[in-house]
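See structure below.
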Amino acid sequence: AKVFFTATSTGKTITTGDSAFSQLEFDGSGGQWTFLDSATSTATTTMTQGVVRHGGNNDLVLSSMTIQSNATFTKATGTGALYFEDSEPIFIEDVNETNNLGDVYIGFSPATTNQNSDIVVDSLTVNSGDSHNTRGYEIDCAGDITVYGTLNATDNKEGDLTNIFVGGSWTVSGGIFTHGNSTTTFDATSTNKTITDGGYPFHNLMFNGVGGSWFYTDSTSTDPNSVTVQKGPTAFGKAKTANKISGICG
Numbered sequence: 183a184k185v186f187f188t189a190t191s192t193g194k195t196i197t198t199g200d201s202a203f204s205q206l207e208f209d210g211s212g213g214q215w216t217f218l219d220s221a222t223s224t225a226t227t228t229m230t231q232g233v234v235r236h237g238g239n240n241d242l243v244l245s246s247m248t249i250q251s252n253a254t255f256t257k258a259t260g261t262g263a264l265y266f267e268d269s270e271p272i273f274i275e276d277v278n279e280t281n282n283l284g285d286v287y288i289g290f291s292p293a294t295t296n297q298n299s300d301i302v303v304d305s306l307t308v309n310s311g312d313s314h315n316t317r318g319y320e321i322d323c324a325g326d327i328t329v330y331g332t333l334n335a336t337d338n339k340e341g342d343l344t345n346i347f348v349g350g351s352w353t354v355s356g357g358i359f360t361h362g363n364s365t366t367t368f369d370a371t372s373t374n375k376t377i378t379d380g381g382y383p384f385h386n387l388m389f390n391g392v393g394g395s396w397f398y399t400d401s402t403s404t405d406p407n408s409v410t411v412q413k414g415p416t417a418f419g420k421a422k423t424a425n426k427i428s429g430i431c432g
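In my numbering, the protein residues as written are 183 to 432.
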């Protein structure tokens, strides 16, 4: 059954007691809802109007999710994470492409998520046995991207190639990264970030963070197509980039 939340005033709360929803829709102009405990939706969650607040230390487990232009999603204020899980293909769409989803985890295995828009996250973890497909849309990640499963940046929908922005470290550990001619930009503004490619190369690689520094920890992949250093000191270690670097370190 589909559950509609249609309040037009703030201060509404949702306590599930570990009971799962199927479909969810939030559609109340001026409405505001906060999850007070962990919640699961096994079908599509649609935010049409109003403000949906993740909560604090509780987790949300969703299938497909759509945030329409008149709706807002507020990430968790504490340790809560947003999981996407379903045995069927999952689609993530944020029409305004500005809502920060917080700490995002792909799947409990198996799950396959597909972007229908650019997404903004604090961190992104693709779990072992799970896949995330950008389809040409951007990932703007303030923190770490960690790949134990498959992150596929091939553009088979939007048409302008994928851009991935990483404010933290990059780790491919036992997983697969398919660059799909994408551009990955490291834009941290603090030091001691690391890059572990796990044998899967970037296509275009850019460093552009005032105050940031990065260390490439492995050398198992082939050369990127290009490496550009615009801002921030970068230690390539044994990375295979010697003939590809342009720009100025510092």
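Cβ atoms here follow ideal geometry from the backbone N, Cα and C, with glycine treated the same way.
Only a predicted model underlies this, so the values are computations on that prediction, with no experimental measurement involved.
*How would you call E320, buried or exposed, if buried means at least 16 neighbouring beta carbons within 10 angstroms?*
buried
*Spatial distance of R235 from D405 (CA atoms)*: 43 Å
*asked:* Helix, strand or coil, according to DSSP, for E320 in the structure here?
replied: coil
*V392 (DSSP reduced to helix, strand or coil)*: coil
*Tell me, please, which residues DSSP counts as bridged to H314.*
T295, L333
*Would you say V286 and S305 are within 8 Å of each other, going by their C-beta atoms?*
yes
*Identify the residues that DSSP records as bridge partners of D285: which are they?*
S305
*Below 6 Å CB to CB, which residues in the same chain sit around T365 once its five sequence neighbours on both sides are set aside?*
N345, N386
*With distances taken Cα to Cα, identify the nearest neighbour of D312 among G356, S220, V411, G193.*
G356
*Taking all protein chains shown into account, decide if P218 is buried (16 or more other Cβ within 10 angstroms of its Cβ) or exposed.*
The residue you asked about is not Pro; residue 218 is Leu in the sequence shown. With fewer than 16 Cβ atoms within 10 Å of its Cβ, L218 is classed as exposed.
*Please determine, among E340, L206, A221, T188, the residue with the shortest C-alpha to C-alpha distance to G199.*
A221
*Within this structure, are the beta carbons of S299 and E279 separated by less than 8 Å?*
yes
*Hey, out of G331, A324, T316, whose CA is closest to T292's CA?*
One detail in the question is off: residue 292 reads as Pro in this sequence, not Thr. Nearest C-alpha to P292: G331.
_Minimum C-alpha distance to A335 - residue among F347, N315, S351_ = N315
_Looking at the secondary structure, which residues open and close the beta strand (DSSP E) in which E279 lies?_
Premise fails: E279 is in no beta strand (DSSP E) and is neither H nor E.
*On the three-state DSSP scale, how would you describe E207?*
strand
*Bridge partners of T256, per DSSP?*
R235
*Do M247 and I274 have their CB atoms nearer than 8 Å?*
yes
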